[in-house]
Structures are given as structure tokens and as C-alpha cells.
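Novice: Once you've had a glance at the structure underneath, I'll fire off some questions.
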Amino acid sequence: MTMHRPTSLPFTGDPDADALLASDPLALLIGFVLDQQVTVQKAFAGPAELRRRLGTLDAAALAATDPTAFAAAFAERPALHRFPGAMAARVQELCAIIARDHAGDASRLWTRARDAPDLERRLRALPGIGEIKARTLVALLARRFDVRLPGWEALVPDHPTLADVDSAEALARYQEQKRAHKASRRAADRG
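Put into C-alpha cells, the structure is as follows:
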């Protein structure tokens, strides 16, 4: 499968971090794992900062890192996440799965998938990736990387996601829509 690869994904505002997300499939997955209870910018800047702190984004090397040292890299100020200990464990588990089950190549999740439902299943088997993130990744891969596996259209969420973000302005719109959606859900839950 030939894959078009964008030079950048405009999720952080940092050109180097945005380029890493586009060039390194593991960085992209780590960003998605970190994307909870922190801003999109913080979550997706995490892989570049983790690489800076540990010197690599090689899945096997990260999986083999002493868990205490790995957690310390997450907790170093500024912490890579609001919950550095829990997220360090989750990211290290992700790296172990990629190293063990995918020969260290995160892109094998999609290059070896039979179809989009198979890709969704593979993504959902990863720590920190639920249905919404898996479907967003299917859409992102199709729209930005031309990974259009059979059935991908049926899995695309019917609400705005990061797959729709192609500029800093689109990211700001997405974040505003997400805030409004959450507010309306909270209001409905109270009502």
C-alpha cells in the first residue's frame, strides 16, 4: 500500500512536533493516547518532548526502558500529561505492543489491516484508544495519509474530529465545537 504522507499535522503549533506526528506513526499513536484531559496541543506535543527527554521514539527501546525512568521522563517539569504516572504506563504498554506484535512498526496496524473494520478493531485493542479515537484515526488516515481501506467511510464519526483539522484555524474551530458539544451534553445530563 502506497501511503501519501503529509509533511505536518497542525495539532500543536510547534513545527517540529507537528512534523514528527506526520512522519512517525508511533508519535501519532502516542499523541492520541495522551489526548485526554489535556489540550490537543499538549497531548500531541508529548511525543516530541518524550523523544527529547529519552533520546528515541523507537518502540522496542521505549518498551525496554526501566518503568521508573520512563515515569520520571513523563513527570519531569513541565509534566507531559496531567496524570504523568498513569499515562507513562499506558504509553509504555503501547510501545511494548507495537514492538512485540508489529515488529516495532506502528504503521503495520493499517498497512496490514484487511479493511477499515479490521483497522478499527486493531486500534481499539491498544491501551488508551477507544471507539471515538479509533474512528477518528481511521478518518485521519484516510483523509491525510490516503489510507482508504474498504469501509472507511462508514466508520467516520458524524461530528467534527481531529481528522477535519488541516490548519491552525481549523484546530481552533474544532476545539470550540468540542467545547460547545461538551457543554450541551452537560446541560442535557442536568436537564
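Each position in the sequence shown, counted from 1, maps to that position plus 1 in this note's numbering. In this text, a Cβ means the ideal position worked out from N, Cα and C, and glycines have one as well. Remember, predicted model here, so these are calculated numbers, not experimental data.
Identify whether Leu178 lies in helix, strand or coil by the three-state DSSP scheme.
Specialist: Position 177 of the sequence shown, counted from the first residue, corresponds to residue 178. The sequence shown places Gln at residue 178, rather than the Leu named in the question. Gln178 falls in the helix class under three-state DSSP.
Novice: In three-state terms, what does DSSP make of Gln42?
Specialist: The residue given as residue 42 occupies position 41 in the sequence shown. Here Gln42 sits in helix by DSSP.
Novice: Using CA atoms only, rank isn't needed, just tell me which of Pro26, Ala44, Val34, Phe33 is closest to Asp15.
Specialist: Here residue 15 refers to the residue found at position 14 of the sequence shown. If we check each option's Cα against that of Asp15, Ala44 comes out closest.
Novice: Just the Cα atoms here: how many angstroms apart are Arg78 and Pro151?
Specialist: Here residue 78 corresponds to residue number 77 of the sequence shown, with the count starting at 1. Here residue 151 corresponds to residue number 150 of the sequence shown, with the count starting at 1. Cα to Cα, the separation comes out at about 44 angstroms.
Novice: Have a look at Pro11 and Gln42 and give me their C-alpha separation to the nearest angstrom.
Specialist: Mapped onto the sequence shown, residue 11 falls at position 10. Mapped onto the sequence shown, residue 42 falls at position 41. When only Cα atoms are considered, Pro11 and Gln42 end up about 9 angstroms apart.
Novice: Is the beta carbon of Leu35 closer than 7 angstroms to that of His103?
Specialist: On the sequence shown, residue 103 is found 102 positions in, with the first residue counted as 1. On the sequence shown, residue 35 is found 34 positions in, with the first residue counted as 1. No, these two residues do not count as a Cβ contact at 7 angstroms.
Novice: Between Pro48 and Ala74, what straight-line distance do the alpha-carbon atoms span, to the nearest angstrom?
Specialist: Reading the sequence shown from its first residue, position 47 is the one you call residue 48. Reading the sequence shown from its first residue, position 73 is the one you call residue 74. Near 12 angstroms, if we compare the C-alpha coordinates of Ala74 and Pro48.
Novice: What do you reckon, are the CB atoms on Val148 and Trp111 nearer than 7 angstroms?
Specialist: Position 147 of the sequence shown holds residue 148. Position 110 of the sequence shown holds residue 111. Their beta carbons are under 7 angstroms apart, which means Val148 touches Trp111 by this criterion.
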